[in-house]
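Going by my numbering, the sequence shown opens with residue 28, and the numbers climb by one from there. Here's the structure we're looking at; comments come further down.
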Amino acid sequence: MNITMKYSLGDKVFSGQCSWSSVPKTCEHCKGSGLVTVATALESYEVPCPYCEQDVWGQKARGYTQEWNYRVYVQSLTIGEVRVEISNTKHEVEYMCEETGVGSGTLHDEKNLFLTYDEAYAHGETLAKVAQRQREEEAKKKATTKTTRVRKKGA
Numbered sequence: 028m029n030i031t032m033k034y035s036l037g038d039k040v041f042s043g044q045c046s047w048s049s050v051p052k053t054c055e056h057c058k059g060s061g062l063v064t065v066a067t068a069l070e071s072y073e074v075p076c077p078y079c080e081q082d083v084w085g086q087k088a089r090g091y092t093q094e095w096n097y098r099v100y101v102q103s104l105t106i107g108e109v110r111v112e113i114s115n116t117k118h119e120v121e122y123m124c125e126e127t128g129v130g131s132g133t134l135h136d137e138k139n140l141f142l143t144y145d146e147a148y149a150h151g152e153t154l155a156k157v158a159q160r161q162r163e164e165e166a167k168k169k170a171t172t173k174t175t176r177v178r179k180k181g182a
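Pasting the structure below:
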């Protein structure tokens with residue numbers, strides 16, 4: 028049986044990751060009021076804005092949306108421990124690094140570690156793009172599947 032690993036004890040590697048934070052942004056559809064006007068041929072109605080963030084009960088539009096800021100970061104690491112799991116269906120290699128704790132720290136999957144800063148940064152950018160695309164798809168789906176209660180304007 029051959030056990031193959033990309034890295035050995037003491038190797039310097041790079042981990043490319045992304046993090047994000049949310050920033051409230053005034054809703055461009057309701058201009059922060061939380062309500063939009065729907066007009067029919069005979070009357071106008073105000074409805075909770077379907078694009079805004081809702082309160083915890085999903086009832087009231089708050090007048091803002093969330094904008095997500097993604098940041099790529101690269102961490103320089105030193106391999107301190109190698110863990111290998113082999114079975115009939117998988118060959119998994121994980122590493123513990125001196126900077127994130129050996130013995131009881133972060134396990135780094137081999138596919139997320141790289142020999143160069145540039146490779147790790149490119150990996151982080153890919154993760155950020157995927158996360159951004161997922162957020163945008165969730166927001167579109169959320170906006171098109173909301174049900175709203177209608178009240179007559181001025182009532």
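Where is the CB? At the ideal position from N, CA and C, for every residue including glycine. Predicted, not measured: the structure shown is a model, and the values here were computed from it.
Give the secondary structure of residue i by DSSP, where H, G and I count as helix, E and B as strand, and everything else as coil.
| i | result |
| --- | --- |
| residue 68 | coil |
| residue 153 | helix |
| residue 165 | helix |
| residue 160 | helix |
| residue 33 | coil |
| residue 136 | strand |
| residue 78 | coil |
| residue 119 | strand |
| residue 73 | strand |
| residue 146 | helix |
| residue 107 | strand |
| residue 39 | strand |
| residue 129 | coil |
| residue 124 | strand |
Starting from the Cα of residue i, find the closest Cα among the options and give me that residue.
| i | options | result |
| --- | --- | --- |
| residue 75 | 68, 69, 56 | 56 |
| residue 77 | 87, 68, 70, 69 | 87 |
| residue 52 | 43, 90, 101, 35 | 90 |
| residue 123 | 40, 30, 29 | 40 |
| residue 79 | 29, 60, 71 | 60 |
| residue 105 | 111, 126, 62 | 126 |
Answer with buried or exposed for residue i, where buried requires no fewer than 16 other C-beta atoms within 10 angstroms of its C-beta.
| i | result |
| --- | --- |
| residue 69 | exposed |
| residue 32 | exposed |
| residue 113 | exposed |
| residue 37 | exposed |
| residue 116 | exposed |
| residue 144 | exposed |
| residue 92 | buried |
| residue 120 | buried |
Is residue i near the ligand NAD, judged by its Cβ being under 7 Å from some heavy atom?
| i | result |
| --- | --- |
| residue 37 | Among the ligands in the structure shown, none appear at all, so the ligand NAD cannot be discussed. |
What does DSSP give as the partner residue(s) for residue i in the beta ladder?
| i | result |
| --- | --- |
| residue 92 | 52 |
| residue 46 | 98 |
Pair every Cβ in the stretch 94–103 with every Cβ in the stretch 44–58, then say whether three or more of these pairs are closer than 8 Å. yes
Do the stretch 117–134 and the stretch 150–170 touch if we need at least three Cβ pairs shorter than 8 Å? no
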